[in-house]
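Numbering-wise, this note's numbering puts 1175 at position 190 of the sequence shown, and it's gapless, one number per residue. Backbone N, C-alpha and C define an ideal beta-carbon position, used for all residues, glycine too. Before any comments, here is the structure.
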Amino acid sequence: MVILGFESSCDETGVAVVCTDRGVLAHALHTQAAMHQAYGGVVPELASRDHIRRIVVLTRQALVDANLKLADVDALAYTAGPGLAGALLVGAGTAQALAWSLGKPAIPIHHLEGHLLSPRLADPRPAFPFVALLVSGGHTQLMRVSGVGDYKLLGETLDDAAGEAFDKTAKLLGLGYPGGPELAALAQSGDAARFDLPRPLLHRPGFDFSFSGLKTAVLNQLQKACKAVGVDAADASVLDTQTRADLAAAAQAAIVDILIAKSVATLDQTGLRRLVVAGGVGANRLLRQRLLDACTKRGVEVFFPPIELCTDNGAMIAYAAAERINAGLCDLSHDQSHAFTVRPRWPLSELGSPTASDLG
Ligand code: ATP
Ligand code: MG
Ligand code: FE
């Protein structure tokens, strides 16, 4: 089956064509990061309007790249939540309108399930069951994944997400949005040992995370460093590049240490031998390298999504639909009402096999 999938939960418009037996045939993506940069974060109304501007163009591009026509599409898929309501409605409305006009089913997908299953787009492909470390802009969770739709939450962040910790620290250091990739780049020339930052909950039992104290600690170090050059505010622009790089490296090392310690503890406790990393922070090179080292030492296999599919994209949404179809979890009837709604807040634990009626 050929699935045309849409992602529009936040600030990426993604459209992809995925085949249930041949994988990704094409994916087209537009990121709004540059547009939101001036505001230091995503402006919801601007995001929705930009999704409207892009989604048809990207749909045409994905179909041309896949060498297919709309008539070749067997099912539509879209992110139904969680995310920004107005932004979600653009992808949902487009998918449902196409489904109605083509007489095909539309499949609502949970955004985090898209992230979670995306490492199965890589070669080699992780088999179930596995431990998933989901590290994105809004979530940091450890899960036991026993099969498609069978997810058990083992631990999560009590405050900020790992991506948020990267973004907020980057902002303190005067870097742009999103801060993760910029902070990682600056950290490359830094000495992580120069600043001593805390690793909250590191040695506590349990698999929960906490990152908000880390951000405060970076702010304290920043203030101290600014004072040392005679400036009484936390203004990173007065600092030399090396000091900023050292702070960036120390922050990155602290975040990565916490993620590794909790992942390893989860692997030890569950006895599972596979770790899968998903979400935007999964693109971080230090995290990838350190996890690979820690897992290799334990004889555990570790899997990552292709780098370009770590952050939001349409391929992971169309692919999650393909996995659901292959697992027999989808309502593929052609007489769907195509009435739809989106769920801006939607805990993954409430995910059964979502149909449009479940979402109402
Ligand atoms: P969610 O999926 O939880 O709703 P989201 O969709 O905004 O949130 P993603 O697109 O998965 O999140 O990831 C974006 C996050 O990943 C941002 O916080 C960004 O800073 C972070 N990120 C991206 N690349 C890197 C990197 N190389 N190093 C660290 N963080 C990164
Ligand atoms: Mg984004
Ligand atoms: Fe995401």
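Roughly how many angstroms separate the alpha carbons of residue 1333 and residue 1095, rounded to a whole number?
Rounded to whole angstroms, residue 1333 to residue 1095 spans 7 Å at the Cα level.
Here's a check: name, in chain order, each residue in its chain whose Cβ is nearer than 6 Å to the Cβ of residue 993, leaving out the five neighbours to either side.
These residues qualify, in order along the chain: 1036, 1072, 1075, 1076.
Is any non-hydrogen atom of ligand 3 found closer than 7 Å to the C-beta of residue 1100, if you look at the structure I gave you?
Flag set: Cβ of residue 1100 near ligand 3.
Give the secondary structure of residue 1135 by DSSP, where H, G and I count as helix, E and B as strand, and everything else as coil.
Residue state, collapsed to three classes: strand.
DSSP puts residue 1002 in a beta bridge; with which residues?
Paired residue(s): 989, 1011.
Judging by CA-CA distance, which residue of 1140, 1015, 1069 is the nearest neighbour of residue 1038?
Taking only the C-alpha atoms, the option nearest residue 1038 is 1015.
Taking the alpha-carbon positions, what's the residue 1138 to residue 1295 distance?
Looking at the two C-alpha atoms, the distance is approximately 20 Å.
Does the Cβ of residue 997 lie closer than 7 Å to at least one heavy atom of ligand 2?
Flag set: Cβ of residue 997 near ligand 2.
Identify the continuous alpha helix (DSSP H) that holds residue 1329 and give its terminal residues.
Unbroken run through residue 1329: none, as it is neither H nor E.
Quick one: what's got a C-beta closer than 6 Å to residue 1339's C-beta in the same chain, skipping five residues either side?
With a pLDDT of 46 at residue 1339, under the threshold of 50, the predicted position of this residue should be treated as unreliable, and no value is reported.
Using the Cβ count rule (16 or more neighbours within 10 Å means buried), how would you classify residue 996?
Classification for residue 996: buried.
Hey, how far is the Cα of residue 1329 from the Cα of residue 1065?
Their Cα atoms are separated by approximately 8 Å.
Mind checking whether the beta-carbon of residue 1297 lies closer than 7 Å to any heavy atom of ligand 3?
Correct: residue 1297 has its Cβ closer than 7 Å to ligand 3.
Is residue 1165 near ligand 1, in the sense that its beta carbon is under 7 Å from a heavy atom of that ligand?
Within the cutoff, so yes.
With distance defined between alpha-carbon atoms, name the residue in 1079, 1210, 1122, 1114 nearest to residue 1257.
Ranking 1079, 1210, 1122, 1114 by Cα distance to residue 1257 puts 1114 first.
Please classify residue 1285: is it buried, with 16 or more other beta-carbons within 10 angstroms of its beta-carbon, or exposed?
So residue 1285 counts as buried.
Would you kindly check if the distance between the Cβ of residue 1116 and the Cβ of residue 1273 is under 8 Å?
Their beta carbons are not under 8 Å apart, which means residue 1273 does not touch residue 1116 by this criterion.
Since residue 1235 contacts residue 1184 with CB under 8 Å, what's their CB separation in whole angstroms?
Contact doesn't hold; Cβ gap of about 11 Å is too wide.
Are residue 1118 and residue 1197 closer than 8 Å when you measure CB to CB?
No, Cβ-Cβ distance for residue 1118 and residue 1197 is not below 8 Å.
Here's the rule I'm using: 16 or more other beta-carbon atoms within 10 Å means buried, otherwise exposed. How should residue 1191 be labelled?
So residue 1191 ends up on the exposed side.
At a threshold of 7 Å, does residue 1095 count as lining ligand 3 (C-beta to nearest heavy atom)?
No, Cβ of residue 1095 sits at least 7 Å from all heavy atoms of ligand 3.
Excluding sequence positions up to five away, which residues of its chain have a Cβ less than 6 Å from the Cβ of residue 1239?
Contacts found: 1182, 1184, 1199.
Do residue 1143 and residue 1008 have their CB atoms nearer than 8 Å?
In this structure, residue 1008 does not lie closer than 8 Å to residue 1143 by Cβ.
My parser needs the beta strand (DSSP E) runs of 3 or more residues fully inside the segment 1003-1077; what are they?
Taking only runs of at least 3 residues, the beta strand (DSSP E) segments lying wholly in the segment 1003-1077 are 1008-1016, 1060-1066.
Between which two residues does the beta strand (DSSP E) harbouring residue 1092 extend?
That run of the beta strand (DSSP E) goes 1091-1095.
Need the endpoints of the alpha helix (DSSP H) that residue 1260 sits in, please.
First-last for residue 1260: 1259-1263, but that is the beta strand (DSSP E), not the alpha helix (DSSP H).
Return helix, strand or coil for residue 1218, following the three-state DSSP convention.
Coil.
Leaving out five residues on either side along the sequence, give the residues of the same chain with a beta carbon under 6 Å from the beta carbon of residue 1262.
Here the set comprises 1118, 1289.
So is residue 1001 buried or exposed if we call it buried at 16+ other beta carbons inside 10 Å?
So residue 1001 ends up on the buried side.
Got a sec? Which residues, its chain only, sit under 7 Å from residue 1246 by beta carbon, not counting five neighbours each side?
If we look at residue 1246 and ignore the five residues flanking it on each side, its Cβ neighbours are 1187.
For residue 1215 and residue 1194, what's the separation of their Cα atoms in angstroms?
Rounded to whole angstroms, residue 1215 to residue 1194 spans 36 Å at the Cα level.
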